[in-house]
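J.:
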């Protein structure tokens, strides 16, 4: 699955779960390095979520990690999601679901 296909799938899931605001930088070459791929807002749940999306083998660059850590330190929800995280993604996107945390984003993954 390409990152773009995955991004579209996550955006569709977010919309189905009431996340009414979604932002994506279409041309990241003209943006500051490291800004997260997507920003979602859910006014009823009073949540804002910054998401970096990667393929299952994609690497996170230092500037991307720096932004996620900075946003988390400011109290925002941040996530680093991959297609293998679909169960966690669906749960987090529920309006009353668990908040995404930085420890989720950078915890080691089990391999199967």
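Numbering (my numbering), first residue to last: 93 to 204.
Virtual Cβ for every residue (Gly too), placed ideally from N, Cα, C.
#1: Taking Cβ positions, are residue 158 and residue 110 nearer each other than 8 angstroms?
#2: Mind pulling the beta strand (DSSP E) runs of 3 or more residues that sit fully within the region 119-169?
#3: For the alpha helix (DSSP H) that residue 107 lies in, which residues bound it at each end?
#4: With a CB to CB cut of under 7 angstroms and the five nearest residues on each side skipped, what residues in its chain are close to residue 139?
#5: Thinking just about the alpha-carbon of each residue, which of 165, 163, 176 and 132 is nearest to the one in residue 149?
#6: Residue 94: buried (16+ other C-beta within 10 angstroms of its C-beta) or exposed?
#7: With 16 other CB atoms within 10 Å as the buried threshold, where does residue 128 fall?
#8: DSSP three-state label for residue 114, please.
T.: Checking against the coordinates, here is how it stands:
#1: Result no, Cβ atoms of residue 158 and residue 110 do not sit closer than 8 angstroms.
#2: You should have 130-134 and 139-145.
#3: Segment 95-108, the alpha helix (DSSP H) holding residue 107.
#4: Counting only Cβ-Cβ distances below 7 angstroms, and skipping sequence neighbours, we find 169.
#5: Residue nearest to residue 149 within the set 165, 163, 176 and 132 is 176 (criterion: CA-CA distance).
#6: Counting Cβ neighbours within 10 Å, residue 94 comes out exposed, since fewer than 16 surround it.
#7: By the neighbour-count definition (other C-beta atoms within 10 Å, threshold 16), residue 128 is a buried residue.
#8: Strand at residue 114.
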